[in-house]
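*Asks:* If you use our numbering, the sequence shown corresponds to residues 443 to 673, in order.
Where a beta carbon is used, it is the ideal one built from N, C-alpha and C, also for glycine.
Everything numeric in this text was worked out from a predicted model, so none of it was measured.
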Amino acid sequence: SILSLTVYCQVRVVECRVGALLLSQKLLLQPGSHSPTLCEVKRISGLSLAELHDRACALLPHDPVSFHDAAVLLDLDVKSLAQTVGFQQDCHDLPGLKLANRVAHVLSESIRVEKFISLCRDDSAPTDRLDRLALLMSESHKSLRDDYDCSCPSLDQLVSDMNQAGCLGARMTGAGWGGCAIGLTTQDRAQEVMEELWSRYYHSCKFTRDERNQVLFQTVASGGAGYLAMD
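1) Which runs of the alpha helix (DSSP H) at least 4 residues long sit entirely within the region 624-660? Give them in chain order.
2) Is Thr569 helix, strand or coil by DSSP?
3) Looking at the unbroken alpha helix (DSSP H) that takes in Ala492, where does it start and where does it end?
4) With burial defined as no fewer than 16 other Cβ atoms inside 10 Å of the residue's Cβ, what is the status of Asp589: buried or exposed?
5) When you compare only the Cα positions, how much space is there between Ile624 and Asn605?
6) For a test of the three-state rule: what should DSSP assign to Thr479, helix, strand or coil?
7) Tell me whether Asp603 is buried or exposed, calling it buried when 16 or more other Cβ atoms sit within 10 Å of its Cβ.
8) Compute the beta-carbon to beta-carbon distance between His583 and Met614, rounded to the nearest angstrom, for a pair I have assumed lies under 8 Å.
9) Using only alpha-carbon positions, find the residue among Ala546, Cys451, Ser552 and Asp630 that is nearest to Arg497.
10) Do you know how far the Cα of Gly461 is from the Cα of Val455?
11) Can you tell which of His476, Leu572 and Gln660 has its C-alpha closest to the C-alpha of Arg459?
12) Let me confirm a value: Leu536 is counted as buried when at least 16 other C-beta atoms fall within 10 Å, else exposed. Which label applies?
13) Does Leu659 pass the burial test, meaning 16 or more other C-beta atoms within 10 Å, or should it be called exposed?
14) Nearest to Glu551 by CA position, among Lys540, Gln530, Leu577 and Pro568, is which residue?
15) Compare the Cα-Cα distances from Thr448 to each of Ala617, Leu491 and Ala632 and report the closest residue.
16) Examine the Cβ distances between the region 561-578 and the region 522-536 and report whether three or more of them are shorter than 8 Å.
17) Identify, in the order they occur along the chain, each residue of the same chain with its Cβ nearer than 7 Å to the Cβ of Ser585, setting aside the five sequence neighbours on each side.
18) Given a cut-off of 9 Å on the beta-carbon distance, is the pair Leu541 and Val507 in contact?
Structure follows, in structure tokens:
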């Protein structure tokens with residue numbers, strides 16, 4: 443439901459903010475009186491994304507911690523921590539915070555984005571470029587599923603069926619906990635892959651052929667949203 447999605451998203455924001463705050467403390471940084479973002483932790487620490495990822499995995503707790511226990515680790519009371527990270531609901535309703543997993547996903551995903559962009563811009567066009575891009579997509583879905591925990595069984599099945607249907611790589615896309623997935627294939631194989639995917643996944647979902655173009659379609663990479671200056 444939309445309500446559940448909103449709650450899940452809020453919890454992930456809290457986990458990342460608490461994780462960034464604890465990581466900055468473990469690294470003996472002084473981010474100021476506010477809750478630092480992971481981007482700010484990277485900038486202040488002077489570490490690379492890979493180095494910060496490794497430090498986070500080594501320094502942050504891997505077992506779930508309660509909001510109260512997180513406050514104790516930060517030498518704060520619960521109210522002060524809630525104010526610092528901008529959480530205005532009842533902290534007792536929060537599930538155990540998985541700080542290492544959430545921070546690890548954000549940092550590893552940033553690394554994957556940089557690698558993906560670099561490969562796309564590589565004028566030398568290595569022969570295995572598509573395979574390397576596809577691997578990054580598959581690693582992304584694994585991290586979203588296992589570390590950020592924002593996938594769901596039907597999305598995991600869809601991604602698996604996309605790979606079985608002939609995609610070079612696939613991942614969920616969007617906010618998570620349901621929604622869409624995107625797969626990578628070559629132009630000459632796109633129709634063949636979609637036909638196979640229709641048989642594997644969508645046919646069992648009771649979609650009709652008339653509904654096909656609404657749920658399964660081909661697209662190409664394009665520029666993201668941005669501002670258009672008008673005279």
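*Replies:* According to the structure shown:
1) 632-639 and 654-657
2) Along the sequence shown, read from residue 1 onward, the residue named residue 569 stands at position 127. Of the three classes helix, strand and coil, the one that applies to Thr569 here is coil, per DSSP.
3) The residue you call residue 492 lines up with position 50 of the sequence shown. For Ala492, the enclosing alpha helix (DSSP H) begins and ends at Leu491 to Leu501.
4) The sequence position of residue 589 within the sequence shown is 147, counting from 1. Buried, because 16 or more other Cβ atoms sit within 10 Å of the Cβ of Asp589.
5) For the purposes of this step, residue 624 is taken as residue 182 along the sequence shown, with counting starting at 1. For the purposes of this step, residue 605 is taken as residue 163 along the sequence shown, with counting starting at 1. Looking at the two C-alpha atoms, the distance is approximately 11 Å.
6) Here residue 479 is taken as the residue at index 37 of the sequence shown, counted from 1. Looking at Thr479 - three-state DSSP - the assignment turns out to be coil, as it is neither helix nor strand.
7) The residue given as residue 603 occupies position 161 in the sequence shown. Buried, because 16 or more other Cβ atoms sit within 10 Å of the Cβ of Asp603.
8) Numbered from its first residue, the sequence shown carries residue 583 at position 141. Numbered from its first residue, the sequence shown carries residue 614 at position 172. 6 Å between Cβ atoms; contact.
9) Position 55 of the sequence shown holds residue 497. The candidate whose alpha carbon is nearest that of Arg497 is Ala546.
10) As a first step, residue 455 must be located in the sequence shown, where it is residue number 13. As a first step, residue 461 must be located in the sequence shown, where it is residue number 19. Whole-angstrom Cα-Cα distance: 10 Å.
11) Here residue 459 refers to the residue found at position 17 when the sequence shown is read from its first residue. Ranking the options by Cα distance to Arg459, first place goes to His476.
12) The residue given as residue 536 occupies position 94 in the sequence shown. Leu536 should be labelled buried.
13) Within the sequence shown, residue 659 is the residue found at index 217, counting from 1. As written in the sequence, residue 659 is Phe, which differs from the Leu given in the question. It counts as exposed.
14) Counting from 1 along the sequence shown, the entry for residue 551 is found at position 109. It is Leu577 whose Cα lies nearest to the Cα of Glu551.
15) Here residue 448 refers to the residue found at position 6 of the sequence shown. Looking at the Cα atoms, Ala617 is the closest of the given residues.
16) no
17) Locating residue 585 in the sequence shown gives position 143, where the first residue counts as 1. Cβ neighbours of Ser585 beyond the five flanking positions: His547, Ser550 and Glu551.
18) Position 99 of the sequence shown, counted from the first residue, corresponds to residue 541. Position 65 of the sequence shown, counted from the first residue, corresponds to residue 507. Result yes, Cβ atoms of Leu541 and Val507 sit closer than 9 Å.
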